[in-house]
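In this note's numbering, the protein residues as written are 109 to 332.
Printed below as a string of structure tokens:
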């Protein structure tokens, strides 16, 4: 019984060592590209977090994902994903250059992305007849002042004058609106209430509490 027990222990240790060897050979075979064929070898290697070296020297942590894949989170901020169904993967590296950026891939391919060209700055200078927009040394545009249009003809009910009969004597004051056609509209405000009434020639008493008398002549002149 004891001999059989020790044989089982030795076989188990050998299997664990072989599993670990296969695991790291899979990593090294891909040049340290952080691609792992399986998350567990013979059910003996768990998916706990490990630290390995990424394709460009960054230290990365290995995390198991819900879809039985693996995620690599590296110290330089890059994140790589590896699915158990994948057999190969290509990861590219981005480097900043003086003219933009360069994308380097393990298969030797290189792509360069150049920065866009800055636009030309413009200045605005006011002149007598408008504004000059200067862009660069040669390009410029004159934006002239607009011309005032003609006044519209007076309509019959355009307000020509505003008269406060007897002056401003209280908080509730009457105001007379004189229209271009000669009509007079009396306006009285009391709080939120607004009262309007057209008045003609005659004598009137204000309703603001001062009982001031004002008159409207036949020609529409208001006196008090």
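We put the CB at the ideal spot given by N, CA and C, even for glycine. Treat the numbers as computed from the prediction; the structure is a model and nothing was measured.
Residue i, buried or exposed, once every other Cβ within 10 Å from all chains shown has been counted against 16
i           : result
residue 324 : buried
residue 182 : buried
residue 300 : exposed
residue 247 : exposed
residue 326 : exposed
residue 215 : exposed
residue 281 : buried
Anticipated Cβ contact below 8 angstroms, residue i with residue j, distance rounded
i           : j           : result
residue 238 : residue 255 : The Cβ separation is near 11 angstroms, so there is no contact.
residue 208 : residue 228 : The Cβ separation is near 20 angstroms, so there is no contact.
residue 315 : residue 274 : Actually they do not touch by this definition, with Cβ atoms about 11 angstroms apart.
residue 295 : residue 283 : 5 angstroms
residue 333 : residue 322 : It is not possible to answer for residue 333, since the shown part of the chain is limited to 109 through 332.
Unbroken beta strand (DSSP E) run spanning residue i, endpoints
i           : result
residue 310 : 310-313
residue 319 : Note, residue 319: premise wrong, no beta strand (DSSP E); not H, not E.
residue 326 : Run containing residue 326: none; DSSP gives neither H nor E here.
residue 249 : 247-252
residue 208 : 208-212
residue 205 : 201-205
residue 282 : 282-287
residue 229 : Careful: residue 229 lies outside any beta strand (DSSP E) and carries neither H nor E.
residue 264 : From DSSP, residue 264 is part of no beta strand (DSSP E); its letter is neither H nor E.
residue 86  : Because residue 86 is not part of the residues shown, which for the chain are 109 to 332, the question remains open.
residue 243 : 238-243
Separation of residue j from residue i, as counted between CA atoms
i           : j           : result
residue 270 : residue 330 : 11 angstroms
residue 201 : residue 230 : 38 angstroms
residue 290 : residue 317 : 28 angstroms
residue 302 : residue 332 : 24 angstroms
residue 234 : residue 187 : 55 angstroms
residue 292 : residue 272 : 12 angstroms
residue 213 : residue 225 : 27 angstroms
residue 267 : residue 240 : 41 angstroms
residue 205 : residue 257 : 58 angstroms
residue 210 : residue 232 : 39 angstroms
residue 242 : residue 185 : 45 angstroms
residue 219 : residue 171 : 30 angstroms
residue 319 : residue 288 : 29 angstroms
residue 276 : residue 328 : 21 angstroms
The stretch 252-268 touching the stretch 297-311, judged by at least three CB pairs closer than 8 angstroms: no
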